[in-house]
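Engineer: Below are the structure tokens for one structure; questions will follow.
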Amino acid sequence: MAATGQSQSTASSGAAIYFAILGIVTTAFGLADILVTAAGSEFGYGILEIPNDIFRGGWGGLIVLSAGLFYLSGTRNIGDIHQFAKVAMGSILIWIMAGCDIFAMITESIPGGEDGPWLNTLPGFLEVYASPYAPAVLLLPFSLVVIYYIYQRK
Amino acid sequence: MTLGLEERWTLIDRISKATVTFGKYEHTLKDAIGELTVKPLTGIPVAIAILYGFWSVFGSFAGTLCTDGFFVKLFDGYWLPWIQEAFPGQGDLLYRILVDAGGIDSGEFVLSDNCFEAFGALTSGLFVAIGVVLPAIVIFYLMLALLEDVGYMPRLAVLIDTMLHKIGLHGYAIVPTILSLGCNVPGVAATRILETKKQRFIMMTLLAIFIPCGAQIGIMEKVVPDLLGWILLYLLIGYFIFGYILNKIVPGRAPEFLIDVPPYRRPLLGNIAKKVGGRIRGFFTVALPFVMLGCAIVSVLYLLGVIQFLGDLLAPIFVNWFGVPAETAGPLVAAFLRKDLAVAQLSVIEMTEYQMITAVVLVSIYFPCVATFAMMLKEGWKELLGALAALVVVVFAYGGLIHLIGILLGVA
Amino acid sequence: MKVLLMGHPNVGKSVFFNRLTGANVTESNYPGTTVDYTKGWMKIEGEDVELVDVPGTFSLDPKDKAEDVAVAMLHETKDAKVITVIDASKIERGLYLALEIIEEGYPVVIALNMWDVAWDKNIRIDARNLEKILGVPVVPTTAISGEGIKELVSRLKSAKPVEVDDIIANAGGLT
Chain A
3 MAATGQSQST
13 ASSGAAIYFA
23 ILGIVTTAFG
33 LADILVTAAG
43 SEFGYGILEI
53 PNDIFRGGWG
63 GLIVLSAGLF
73 YLSGTRNIGD
83 IHQFAKVAMG
93 SILIWIMAGC
103 DIFAMITESI
113 PGGEDGPWLN
123 TLPGFLEVYA
133 SPYAPAVLLL
143 PFSLVVIYYI
153 YQRK
Chain B
114 MTLGLEERWT
124 LIDRISKATV
134 TFGKYEHTLK
144 DAIGELTVKP
154 LTGIPVAIAI
164 LYGFWSVFGS
174 FAGTLCTDGF
184 FVKLFDGYWL
194 PWIQEAFPGQ
204 GDLLYRILVD
214 AGGIDSGEFV
224 LSDNCFEAFG
234 ALTSGLFVAI
244 GVVLPAIVIF
254 YLMLALLEDV
264 GYMPRLAVLI
274 DTMLHKIGLH
284 GYAIVPTILS
294 LGCNVPGVAA
304 TRILETKKQR
314 FIMMTLLAIF
324 IPCGAQIGIM
334 EKVVPDLLGW
344 ILLYLLIGYF
354 IFGYILNKIV
364 PGRAPEFLID
374 VPPYRRPLLG
384 NIAKKVGGRI
394 RGFFTVALPF
404 VMLGCAIVSV
414 LYLLGVIQFL
424 GDLLAPIFVN
434 WFGVPAETAG
444 PLVAAFLRKD
454 LAVAQLSVIE
464 MTEYQMITAV
474 VLVSIYFPCV
484 ATFAMMLKEG
494 WKELLGALAA
504 LVVVVFAYGG
514 LIHLIGILLG
524 VA
Chain C
547 MKVLLMGHPN
557 VGKSVFFNRL
567 TGANVTESNY
577 PGTTVDYTKG
587 WMKIEGEDVE
597 LVDVPGTFSL
607 DPKDKAEDVA
617 VAMLHETKDA
627 KVITVIDASK
637 IERGLYLALE
647 IIEEGYPVVI
657 ALNMWDVAWD
667 KNIRIDARNL
677 EKILGVPVVP
687 TTAISGEGIK
697 ELVSRLKSAK
707 PVEVDDIIAN
717 AGGLT
């Protein structure tokens, strides 16, 4: 009994550290989205591009920010189900954002464009999926870690 | 024999003591997430995110993929030139009604080069119905069915309850409201879950006036995408202002209501397919004929000079009171048949951005479409008359108010 | 024979209705989807049975228009049998409605629906004992996956009116 308690607490402290870091990064991305949009400027670095339209950058940035705050508020005492639910919710918000971004890419990649053929050419199709990506898409793989912890709880 | 209230509960207590054992209730992750979606502090960000997702998928699917990706090309590039050639009697009466009203340029009849301006039943009518409205309706009902079956809707109702209480409705009013965003007809039917006559009347009136249906939103997203946010904002503000006023002046009571929140469930694919399928069938049998008929009737009215006459007659009101061009009279007549068509017609009239916002808001709040009208009549003619009276007042008051705001902002 | 499906809003009446009649009534995971009644037919042992999907109601004392429809429907069809659908995780509230219907002399079958949800919440109900006390058939069901529906239908014929005095006696009196 003591041994399982021990291993559980190490697992949850690992989770706490992981999601704390993810939370900080997510919060920073959310703030960046909002600030870049508010300033009306453009920002890209490597494979990252901050969206700056009012819908994806402003409204969307608010959601990324909320996701970050969900992560951060859930990390304390993460073993508790209600706290862990906040972390899970943070990931769900990221999935919504990233899902919408990816769905938008898919819908953009299929048609051939105004003067082109009906369907897009293969290079044109692939080009849509090339970097840079929005923050939520970059955060997506890291947010999936929560699934591992959900199964571990069961 | 029947029992009194007290006795019945005592009996139930006895029975349940004998038959039910409550084990230690452990919160599952599902429950905990469920709670997060209901508490305001955490629930509001979640609602904002879900709304974002709804909107984003709606725009990507209906706008980017279907309408802009394929239908514009199909209708403008292939269908329009083909039927302009194939249909006999270019410039004739029937040709103008069914295919292309065209324009007169230095005395000669000129063909239109896109389906928005052709105004024929077989061109604009078909394009608006199938190219723009159909994809919007498909994706809207698909997402709505998903949210319904998962069990998010009642949670949204709980979250919004406080806000809606201010206008004399309980959180459940969100269900008719959201249904109305798809089509006002099922929205009006759903008002029956509200308890008092007063609540039903307020809800029905607000739905008919301020909630644009999926068809309207779809077409707005296509023709005035940049102004859509403003238009919806004006409608939302109107919904609350007039809801508040109606709550104050309509006699009756608006009692509290306890909402049952069902558990989150995995949605069943078959059920969702069935719901969406039903809506699409409804679209083809009801909406499609209306759009085409509306197109034809409007063309006839134009050709007969009726629209010109009404426009001249109403021009002082339109220009002075609402601050929109006199030409908008035509679309407003058409709006009685199909509002989506009216928005499409507005989009080709030349006017400033603010006038466009005003005009589209006016089309939305002006008379409910025929189908909604019939549905409201089914709910009671007194209510219908009351709603129409409210509508006339609202159109003038709110239309004037928007104009006034425009003047104050210096944009009208 | 005529059978009414009654119960609180959102306990799954429409799901039963669709499963039993193969009809196309809209089901949603929120209360108040059914605001008007729908009729359909099913066959039980060769006999045609009319089934009515009644809007959800909390009691026989109507509070809104949809509940009006429900109560009027019940009172119009005096010879009907009633399947009372109860949310097994909120059994007491459901029993209230069931008792009201029993008291009016209708033959009742009780479907303890959402059995899976009650199970998840660690609520255990002794359905046999409940059946013994009430004197009407009680069947645990999970309508959405179809569990217990067959049994529910097969028990319909054994539904008969019950005197509430007998129930009180079976429960060990009221005091």
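Chains as they are written, first to last, in my numbering: chain A, 3 to 156; chain B, 114 to 525; chain C, 547 to 721.
Built from N, CA and C at the ideal position, the CB exists for glycine as well.
List the residues of chain C whose Cβ lies closer than 9 Å to the Cβ of B:R127, in chain order.
Structural biologist: Within chain C, the residues near B:R127 are I679, I714, A717, G718, G719, L720.
Engineer: Chain C beta carbons: is any one of them nearer than 9 Å to that of B:L110?
Structural biologist: Nothing about residue 110 of chain B can be reported from this structure: the residues present for chain B run from 114 to 525 only.
Engineer: For a contact defined as C-beta to C-beta under 9 Å, what are the partners of B:K137 on chain C?
Structural biologist: Chain C residues near B:K137: N668.
Engineer: Taking CB distances under 9 Å as the criterion, tell me whether A:R58 reaches chain B.
Structural biologist: Cβ-Cβ to chain B under 9 Å: yes for A:R58.
Engineer: List the residues of chain A whose Cβ lies closer than 9 Å to the Cβ of B:P158, in chain order.
Structural biologist: Chain A residues near B:P158: L64, I65, L67, S68, A69, L71, F72, M91, L95.
Engineer: Could you check which residue in B:R209, B:P201, B:T141, B:A160 has the C-alpha nearest to that of B:L417?
Structural biologist: Per the Cα distances, B:R209.
Engineer: Leaving out the 5 sequence neighbours to the left and right, which residues in its chain are closer than 7 Å to B:W343 when beta-carbon positions are compared?
Structural biologist: Contacts found: I470.
Engineer: Taking only runs that begin and end inside the region 641-691 of chain C, name each unbroken alpha helix (DSSP H) of 4 or more residues, in chain order.
Structural biologist: Taking only runs of at least 4 residues, the alpha helix (DSSP H) segments lying wholly in the region 641-691 of chain C are 661-666, 673-680.
Engineer: Distance check for B:M266 and B:L260, CA to CA, integer angstroms please.
Structural biologist: In a straight line, the C-alpha of B:L260 is about 6 Å away from that of B:M266.
Engineer: Contact defined as beta carbons within less than 8 Å: I believe B:T177 pairs with A:T123. What is the distance between those atoms, to the nearest angstrom?
Structural biologist: About 18 Å; that fails the 8 Å criterion.
Engineer: Within its chain, find whatever has a CB closer than 8 Å to the CB of A:A18; leave out the 5 residues flanking it on each side and keep chain order.
Structural biologist: Once the five neighbours on either side are set aside, the close Cβ partners of A:A18 are T77, R78, I80.
Engineer: If you run the structure through DSSP and keep just helix, strand and coil, what is B:K137?
Structural biologist: In the structure shown, B:K137 sits in coil (DSSP, three-state: anything other than H, G, I, E or B).
Engineer: In angstroms, rounded to a whole number, what distance separates the CA positions of B:F184 and A:E116?
Structural biologist: Rounded to the nearest angstrom, the two C-alpha atoms are 11 Å apart.
Engineer: Give me the Cβ distance between C:V682 and C:I648, rounded to the nearest whole Å; I'm assuming they're in contact under 8 Å.
Structural biologist: 7 Å between Cβ atoms; contact.
Engineer: May I ask you to verify whether the region 285-304 of chain B touches the region 324-338 of chain B, counting CB pairs closer than 8 Å and requiring at least 3?
Structural biologist: Because the criterion of three Cβ pairs below 8 Å is met, the region 285-304 of chain B and the region 324-338 of chain B touch.
Engineer: A:Y135 bridges to which residues according to DSSP?
Structural biologist: For A:Y135, which the question treats as bridged, DSSP gives the partners A:L50.
Engineer: DSSP three-state label for C:G586, please.
Structural biologist: Here C:G586 sits in strand by DSSP.
Engineer: Does the beta carbon of B:L260 come closer than 9 Å to any beta carbon on chain A?
Structural biologist: No, because no Cβ of chain A sits closer than 9 Å to the Cβ of B:L260.
Engineer: For A:T6, count the other beta carbons within 10 Å of its own beta carbon; 16 or more makes it buried, fewer makes it exposed. Which is it?
Structural biologist: Caution applies to A:T6, whose pLDDT of 43 falls short of 50 and renders its modelled position unreliable; the value that the coordinates give is listed next. Classification of A:T6: exposed, given that the 10 Å Cβ count is below 16.
Engineer: So B:P153 contacts chain C; which residues on that side make the cut at Cβ distance below 9 Å?
Structural biologist: By Cβ distance, chain C contributes nothing, its closest Cβ being about 20 Å from B:P153, past 9 Å.
Engineer: Can you give the beta carbon distance from B:L247 to B:F396, rounded, assuming they're within the 8 Å contact cut?
Structural biologist: So it is a contact: roughly 6 Å between Cβ atoms.
Engineer: Please check the pair C:M552 and C:T603, which I expect to be a contact at CB under 8 Å, by giving their CB distance rounded to whole angstroms.
Structural biologist: Going by Cβ atoms, the distance from C:M552 to C:T603 rounds to 7 Å, so yes, they are a contact pair.
Engineer: Run through the region 101-151 of chain A for me and flag every whole alpha helix (DSSP H) of 4 or more residues, listed as ranges in chain order.
Structural biologist: Listed in chain order, they are 124-130, 137-145.
Engineer: Using 9 Å as the limit for Cβ to Cβ distance, is A:T109 near chain B?
Structural biologist: Output row for A:T109: interface = yes.
Engineer: Rounded to whole angstroms, what is the Cα-Cα separation between C:R670 and B:I146?
Structural biologist: Using only the alpha carbons, I get a separation of about 24 Å.
Engineer: Taking only beta carbons into account, state which residues of the region 292-308 of chain B come closer than 8 Å to chain C, listed in chain order.
Structural biologist: The residues in question are A302, A303, R305, I306, L307, E308.
Engineer: In three-state terms, what does DSSP make of A:I26?
Structural biologist: Three-state DSSP puts A:I26 in a helix.
Engineer: Hey, out of C:Y652, C:P555, C:R565, C:V549, whose CA is closest to C:T688's CA?
Structural biologist: That would be C:R565, whose Cα lies nearest to the Cα of C:T688.
Engineer: Relative to the C-alpha of B:P194, which candidate in B:E120, B:K361, B:D226 has its C-alpha closest?
Structural biologist: Among B:E120, B:K361, B:D226, the Cα nearest to that of B:P194 belongs to B:D226.
Engineer: When you compare the CB of A:R155 with every CB in chain E, is at least one pair closer than 9 Å?
Structural biologist: Note that chain E does not occur in the displayed structure, where the protein chains are A, B and C.
Engineer: Starting from B:M78, trace the alpha helix (DSSP H) in both directions and tell me its first and last residue.
Structural biologist: Within the shown structure, residues of chain B are numbered from 114 to 525, placing residue 78 of chain B beyond reach of any answer.
Engineer: Taking only beta-carbon positions, decide if B:P376 is within less than 9 Å of chain C.
Structural biologist: Cβ-Cβ to chain C under 9 Å: yes for B:P376.
Engineer: For a contact defined as C-beta to C-beta under 7 Å, what are the partners of C:E622 on chain B?
Structural biologist: Simply none; closest approach about 18 Å.
Engineer: If the cut is a Cβ gap below 7 Å, which residues of chain C does B:T134 touch?
Structural biologist: Simply R670.
Engineer: To the nearest whole angstrom, what separates the beta carbons of B:P380 and B:V271, a pair I think is in contact under 8 Å?
Structural biologist: Between B:V271 and B:P380 the Cβ distance is about 20 Å, and since that is not below 8 Å, they are no contact.
Engineer: On the DSSP bridge assignment, give the partners of B:V425 in chain order.
Structural biologist: Note that residue 425 of chain B is Asp in the sequence shown, not Val. Looking at the DSSP assignment, B:D425 forms no beta bridge with any residue, so it has no partner.
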